Amino acid sequence: MKKTTKIIVLLSLLTFNLSDCFAQYYKYALNINYGLSGVTDPSIQNFSHIGGGFSYEFDETYALQLDFGSDQYRLFNTALNKEGGVDMFRVSLQGVINLSTISDSQRVYDPINVLTHAGFGYSSVKSTVLEGNDKTVNFLGGITPRFRISNNLYFTLDATAIFVFSQHYNFDGNLSYENVVNSFTSITYNLTAGITYRFGEY
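In our numbering, the protein residues as written are -10 to 191.
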C-alpha cells in the first residue's frame, strides 16, 4: 500500500511538473485577418483577402503556423469582352520568428513585437470563366508587427508576398497559351490587419 501511494505521489508530481512546463513554454494562438489582395503583374489591387491561422509556439522566439488565405482577382477579359478573373485559395505551413526576442527573450512583454514568417503550401486557382481548378505550389514570406491589446489579445499588421508556381490561369480567367498551355510563376501579395488570440502568456 505504501509503495502504491509513493507511485501515485511521484506520478502526480511528474504530471504537475509537465503541466507547468507546457503552461510556461508551449503556447497556442489563433489569428484572423482581412485586407488587400494584390498582383505585381498585371497590376491588380482590391480588398478581397480573408485569412486565418493556428500557431504552435515552441518558446518566446520560434513558432510553427498553419494558415490559409482566400483572394479574388478581376481583370477585363479582351477575348470575352467582359470582366474575368481567378479566385485563389491557399493553405501553407510556415515557420515564425519573433525578431524582437532573439537577443532578449523578455521583450516578449513589450507592447510591440515584430515577427517574420516564411514557408510552403498548396494553392487552388479557380477561373471565373473556365471550368476546373489549377492546383499549384506556393512559397510565401512576410513581416508582422504585433501590438498588445491585453494579456492574450493582439492587433496585427502584416505584409506577405506569395509566389505561386506552375500557374496556368491568367488573372483574366483565361488559360496561358503559347501554342500550348504554359505555366508561369505569379507574384501576389497581401497587406492586412488582424486579431491574434494567444492561449496563455509567458
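We treat Cβ as the ideally placed atom computed from N, Cα and C, and that holds for glycine.
For clarity, every value in this text was computed on a predicted model and none was experimentally measured.
Counting C-beta neighbours from all protein chains within 10 Å, is the total for residue i 16 or more, i.e. buried, or is it exposed?
i           : result
residue 151 : buried
residue 185 : buried
residue 28  : buried
residue 33  : buried
residue 60  : buried
residue 36  : exposed
residue 10  : The predicted model places residue 10 with a pLDDT of 47, which falls under 50 and marks its position as unreliable; any figure quoted below should be read in that light. Exposed, because fewer than 16 other Cβ atoms sit within 10 Å of the Cβ of residue 10.
residue 73  : buried
residue 46  : buried
residue 44  : buried
residue 62  : buried
residue 70  : exposed
Output the boundary residues of the beta strand (DSSP E) element that contains residue i.
i          : result
residue 25 : 16 to 28
residue 31 : Premise fails: residue 31 is in no beta strand (DSSP E) and is neither H nor E.
According to DSSP, what are the bridge partners of residue i?
i           : result
residue 72  : 65
residue 46  : 16, 52
residue 127 : 110, 153
residue 183 : 22, 145
residue 102 : 135
residue 81  : 56, 110
residue 188 : 17
residue 97  : According to DSSP, residue 97 bridges with nothing at all.
residue 175 : 153
residue 164 : 158
residue 118 : The partner list for residue 118 (beta bridge, DSSP) is empty, contrary to what the question assumes.
Of the choices the options, whose alpha-carbon is the least far from that of residue i?
i           : options          : result
residue 30  : 173, 127, 139    : 173
residue 133 : 26, 92, 179      : 179
residue 162 : 51, 53, 114      : 114
residue 92  : 175, 80, 102     : 102
residue 123 : 183, 17, 171     : 171
residue 104 : 26, 62, 131, 181 : 131
Taking 8 Å as the cut-off, is the C-beta of residue i nearer than that to any heavy atom in the ligand GTP?
i          : result
residue 36 : Among the ligands in the structure shown, none appear at all, so the ligand GTP cannot be discussed.
Return the chain-ordered list of same chain residues with a C-beta closer than 6 Å to the C-beta of residue i, the five sequence neighbours on each side being excluded.
i           : result
residue 127 : 79, 110, 112, 151, 153
residue 94  : 49
residue 188 : 17
Who are the Cβ neighbours of residue i in its own chain at under 7 Å, not counting the five residues just before and after it?
i          : result
residue 39 : 23, 59
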